[in-house]
Structure formats: structure tokens, C-alpha cells
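Before any comments, here is the structure.
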Amino acid sequence: MTALVRSELLKVRTIRSWWAYLIVIVAFTGLAVAAQIGSTDGGDRGTVDFQSDLVETAGIALLLAIILGITIMTTEFRFGTVTPTFLVAPARELVIAAKAIAAAVLAIGFALLSLLVVAVVALPWLASVGAETHLLDGEIGTGAAQQILSVGLWALMGVAIGAVVQSQVAALVGTLVWIFLGETLLIGLFGLLDIDGAAAYLPFQALDAADGSGGGELLSYWPGVAVSLGWIALLGAVGVARTRRRDIT
Amino acid sequence: MIEVASLSKRFGKTQAVSDLSFRVEPGTITGFLGPNGAGKSTTLRSVLGLVHPDAGGATVLGVPYRELDRPLHRVGAVLEASEVHPGRSGRNHLRVLAAAAGIPRSRVEEVLALVELSTAAKRRVKGYSLGMRQRLGLATALLGDPEVLVLDEPANGLDPAGVRWLRDLLRSLAAEGRTILVSSHVLAEVAQTVDRVVIIHRGALVQQASIAEVLAGAQGATRVRSPDAQRLRELIAAQGGTVTDVDDRTFATDLPPERIGKVAAANGIVLHELTVERATLEEVFLELTGGETTQ
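First to last, the sequence lines map onto chains A and B. Going by my numbering, the first residue of the first sequence is number 1, and it counts up by one from there. Going by my numbering, the first residue of the second sequence is number 1001, and it counts up by one from there.
Laid out in C-alpha cells, this is it:
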């Protein structure tokens, strides 16, 4: 299993898109933090709320994590590399498990990198304008830890979706449409049917709750994590069954 | 070594393989032949546990492929030269698979040298020619130094020098005692290399034999030329032979030359020519596979 995980990590790092992930994280987080600090009045910069928002800009890692999870699975089908992969490891469920571990590890690395950029940009800047810093305080620290873990969950969700859908384009487009449109429509529908409460159990509402940022309609943290894991397990099981049954031609 | 037993597989409306059985003996190079679409790839993928047969199955080294421990060390396979990520270098492609199989990096350099790809190893596969991809595929198959090799159309896309290189490589691999199953839709590519052939057509077995047996089994015609051809024709027809005219004085028959000579001597007929026309392997192949091969 360790060998399979190492192989999966090597697969990601030996194609150029690996650098694209890193560049997007550093550039996006750096610009977002700078824009936020630059556009905020001096007095507000020292508040816990503002600095907690700064930490949340690291949320870019969530989107990259699910894209990584989907591609780590579907690239194999797209380029036919699934053939040599399954020749080395005929137990297909182990390959998927290795991909899930590798995707989660890399995604958590993305989250850490993103938080590092927040710290590198914000700490000297805030210090130079004499604002009090709370970035290392317990409250913000807990939020950051929850965010790091939720990035791992998004990566696992990506692998599960990839194993179910298998077509790279369909999985990526479908997931983005679902996140930005599908669930919003469903939430509206649930409202019409007077079952508003069910909306919080939708997969990406649960994942939202699991990043610890909270929100009125969302589940609280631990139920959010539990429901997210439930969706990941369900899709993962379907994905493993589909992949095991598939004829690799 | 490799045993296929009553294998059947249908894709949608197409019966790709039907009730196919054959054996590949240890230490031999076996050619797996048939026209395009005969079911060769489906059979090989079933042998390697990639395709689930509808009925029957296959074993490699006595067990189904999926049950092999450390399969890359037992069986090496190349199925399609294109099954490589185009953005990855040849060396990294091999390293990824070596990592999964617990094979040291030094072995990657060894197989790169063996297939003469060391200088191109750091280039991305996107820029490889088909021949280079085929050689990368062979390097993949050889990573685990396996005792069995399964190669699907490894000569596809190779130039004549490449085909010759492949032939020499396969011979030297077989000389080391390995068992090789190599498929092709072009008999000439493998005829000089293989010991035995398994010929399939429309998913079913046509023949499983040594090259010599295939040739011996082929009906060789006897060509006869005589100034008294007309009378000899009648005598042969009376003996139950079929006669095909070539020209006034020449004809071909299915009777062996011994019988013709005897008939001619007994009737005092002069012969100018009495030769056996061996069917070539290519002709036999075309005949066995219904002449549908394109090359």
C-alpha cells in the first residue's frame, strides 16, 4: 500500500499541472490577502474578525483539492494509463484507496502552503502598520485547523466522484455545475416543498459546514464532518464497484 | 504457462471472443495471429485480468492473473503503445510503475538502456515517435524481469529496422528461457521469430500448431508439365485427382508427385516437369482466416 501511495504521489509530481496547482495557490492567496489588507481601514485591521477572514482566503485550496481528487482518478482513464496501473496492482480497490490517500495528503499540503502565504504576506504587513495580530490565537488557529482538514475531505470527495464518473471532462464540469448551480436549485426546491432542513445534508452544504466557517443554514461542525464522510463513503463505494466491474479496453 | 479455457466475451452486439481455448508452452515464443478485429486484444486483456470474460477464463503460471503475487515480476505486458501520459517523461513513466511495484530506480535505467531509449528518457512522451513508444512499452514490460511476456502488436508502427530490432530482442529474451506470447495481424512480422502459432478468426480458434505443422498441413499442389498432358490428365482424373489446367501442356493437381510419376511410367508418358508447389505461410494464413486480412 505504501508503494502504491508513493507511486500516486510521483504520478502527480511528474506532470506539469503540479506546478500550476502550486502557482495558483501562491498567486491567488497572496493577491487575495494583499487586496483585503490594502482595502481595509487601519483600525479594522487589528480585529479578530478581519484576520479570521484573511485566513479564509486559504479556501482556494478547497477548490483545487476537489479538482486534484477528480483528475488523479480520471486522468488514468483519459490517457489509458489505467492499463499499466492495474497490471501492477490488479486489486483495483487498493489503487483507489492509494489515490484517495495521495490526494488527501497533497491537498492538505496545498492548504498548509496557502496558510503559509497568508502568514508571510499578512504578518509583516500588519506589524509594519502597527496592527495587533491574532493570526496565531487559539480561535483563528482552530478555524485554520478545521479548514486544513476540510481540504482533505474535498480531495476525498473528488476521488470518489472521479471513480463514479470516470470521464474527466464530465466529472470536472458536472462537479462545478453541481456546486455552483445544482445545490442552489435543490435548496430552492426544498424550500418550496417545505423541507428546508434537508438542504443542510446536501453534500457540499455538509462540506461547507465541515470547514468550520459556519453559517446560518448549515450543520454545526461535527455533524457537518460526519455527513461529509457519509457522502464520500457512499460515492466511494459506488466508484469502487464501478471501477472493479469495468472492462479496461 | 498461459492457459486460456473456453473464453467467451461479448461487447454489446459484438461477440469478440467465443469459446476460445489454447495453451502457451513454457519457454516458447508463440505467435497469436488473426486479422484486425479477430479478438486478439480482448483475449490478451482477459488473460491479464483487465477484461471480465462472460464465460471461461485464463490462467498465467497456474493462477488467474489477479491472484499473482507481485505480478510485474512474473508477467510483463505491453498492450498499447499509447497508454502513457503524454506529459510525463519516459523515465518518469517507468519510475511511477517501478515505485508501485517496489522495483529500484536502477532497474529503470537498465531497461531504458536495453530498449535503447536512455538518451530520450528525459523528454516528454508527447514528442516520441510510435517506434519510441513501442520501445517504452517493452521497457515497461521488462521492468520486473518477468518470466512471461505478453505483447500485443509490438511491431505496429515500427519501421523495417525496428521490426528487425524487435525480432532480435525477442529472440534473445526467449533464449534466456522466457515464455513469450506475441500478437500480430501481419504474419510476416513474426513468422521468423515464433516457434508456434495460435491463429484465431472472428473470436474462435482456427489452428494451434508449430510453424512446421501449419506448413505441412497446407495442401501443396503438384505441378505437372508433359507433351502428352491430355492423356495424363485423364489418367489422373481416373485415379480421383482433381486437375486444374495452367496451359496446354501444364496443369496442377492435388495428387502427390509419387503417384503422378508412377502413373506416367506405367503408361509410358514423358514428363518435362514434376514439382511440388508449397503454399507459403502467408497463403496458409490468408486461407485459414478467410482472406480477410488487409495486409
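Where a beta carbon is used, it is the ideal one built from N, C-alpha and C, also for glycine.
CB of residue i within 9 Å of CB of residue j, strictly
i, j, result
"alanine 59(A)", "aspartate 211(A)", "A quick correction: the sequence has glycine, not alanine, at residue 59(A). Yes, they are a contact pair."
"phenylalanine 110(A)", "serine 167(A)", "no"
"leucine 1097(B)", "leucine 1151(B)", "no"
"isoleucine 96(A)", "threonine 249(A)", "no"
"phenylalanine 86(A)", "histidine 1085(B)", "no"
"leucine 219(A)", "tyrosine 201(A)", "yes"
"alanine 131(A)", "glycine 239(A)", "no"
"glycine 230(A)", "alanine 206(A)", "yes"
"phenylalanine 1032(B)", "isoleucine 1200(B)", "yes"
"phenylalanine 1022(B)", "leucine 1205(B)", "yes"
"alanine 171(A)", "isoleucine 70(A)", "yes"
Contact with chain A by residue i, beta-carbon distance below 9 Å
i, result
"glutamine 1295(B)", "With a pLDDT of only 39 at glutamine 1295(B), under the threshold of 50, the placement of this residue in the model should not be trusted; the figure read from the coordinates follows. Taking Cβ atoms only, chain A never reaches closer than 9 Å to glutamine 1295(B), which makes this a no."
"glutamate 1080(B)", "yes"
"isoleucine 1002(B)", "no"
"glutamate 1234(B)", "no"
"leucine 1068(B)", "yes"
"asparagine 1036(B)", "no"
"leucine 1185(B)", "First, the residue type needs correcting, since residue 1185(B) is histidine and not leucine in the sequence shown. Output row for histidine 1185(B): interface = no."
"arginine 1045(B)", "yes"
Spatially closest choice to residue i from the options, by CA coordinates
i, options, result
"isoleucine 1296(B)", "Ile1211(B), Val1148(B), Ser1210(B), Lys1009(B)", "Outside the shown range of chain B, which is 1001 to 1295, sits residue 1296(B), and nothing can be said about it."
"alanine 3(A)", "Thr1030(B), Ile1103(B), Leu1158(B)", "Ile1103(B)"
"isoleucine 23(A)", "Val164(A), Ala160(A), Val117(A)", "Val117(A)"
"glycine 1177(B)", "Pro1160(B), Asp1159(B), Pro1146(B), Ala1204(B)", "Pro1146(B)"
"glycine 1162(B)", "Gly1268(B), Ser1129(B), Ile1002(B), Val1206(B)", "Ser1129(B)"
"glycine 1261(B)", "Thr1242(B), Glu1282(B), Asp1247(B), Leu1235(B)", "Leu1235(B)"
"alanine 1058(B)", "Thr1244(B), Ala1204(B), Val1004(B)", "Val1004(B)"
"leucine 156(A)", "Val169(A), Pro203(A), Val48(A), Thr57(A)", "Pro203(A)"
"alanine 27(A)", "Leu123(A), Thr57(A), Asp53(A)", "Thr57(A)"
"arginine 1088(B)", "Thr142(A), Leu234(A), Ile15(A)", "Ile15(A)"
"aspartate 247(A)", "Thr1030(B), Ala1237(B), Pro1026(B), Val1047(B)", "Val1047(B)"
"leucine 254(A)", "Thr74(A), Ile67(A), Leu136(A), Leu64(A)", "For residue 254(A) there is no data in the structure shown, the boundaries of chain A being 1 and 249."
"isoleucine 1211(B)", "Phe1011(B), Leu1020(B), Thr1030(B), Ser1021(B)", "Thr1030(B)"
"asparagine 1156(B)", "Thr1043(B), Val1243(B), Arg1133(B), Val1206(B)", "Arg1133(B)"
"glycine 1027(B)", "Lys1013(B), Lys1040(B), Ile1002(B)", "Ile1002(B)"
"glutamate 1258(B)", "Val1284(B), Glu1282(B), Val1224(B)", "Val1224(B)"
"proline 1035(B)", "Val1024(B), Glu1025(B), Ala1016(B), Pro1053(B)", "Ala1016(B)"
Minimum Cβ-Cβ distance from residue i to chain B less than 9 Å
i, result
"glycine 141(A)", "no"
"glycine 236(A)", "no"
"threonine 14(A)", "yes"
"alanine 3(A)", "yes"
"lysine 11(A)", "yes"
"arginine 245(A)", "yes"
"leucine 87(A)", "yes"
"alanine 91(A)", "yes"
"alanine 20(A)", "no"
"arginine 6(A)", "yes"
Contact belief for residue i with residue j at Cβ below 8 Å, rounded distance in angstroms
i, j, result
"alanine 102(A)", "glutamate 183(A)", "So it is not a contact: roughly 27 Å between Cβ atoms."
"valine 1182(B)", "proline 1154(B)", "6 Å"
"alanine 1101(B)", "arginine 1070(B)", "7 Å"
"glutamate 1277(B)", "alanine 1221(B)", "5 Å"
"leucine 1094(B)", "alanine 1141(B)", "Between alanine 1141(B) and leucine 1094(B) the Cβ distance is about 11 Å, and since that is not below 8 Å, they are no contact."
"glutamate 1083(B)", "threonine 81(A)", "6 Å"
"tyrosine 1065(B)", "valine 1075(B)", "7 Å"
Continuous beta strand (DSSP E) stretch holding residue i: start and end
i, result
"leucine 1033(B)", "1029-1033"
"lysine 11(A)", "Looking at the DSSP string, lysine 11(A) is not in any beta strand (DSSP E); the run it does join, the alpha helix (DSSP H), is 2-13."
"arginine 245(A)", "Not the beta strand (DSSP E): arginine 245(A) falls in the alpha helix (DSSP H), residues 221-245."
"alanine 131(A)", "Unbroken run through alanine 131(A): none, as it is neither H nor E."
"serine 1183(B)", "1179-1184"
"alanine 1221(B)", "1221-1225"
Residue interval of the alpha helix (DSSP H) (run including residue i)
i, result
"lysine 1009(B)", "No alpha helix (DSSP H) contains lysine 1009(B), which is instead part of the beta strand (DSSP E) from 1002-1011."
"aspartate 267(A)", "With chain A covering only 1 through 249, there is no way to say anything about residue 267(A)."
"glutamine 205(A)", "203-209"
"glutamate 1277(B)", "That residue, glutamate 1277(B), is in no alpha helix (DSSP H); its beta strand (DSSP E) goes 1273-1277."
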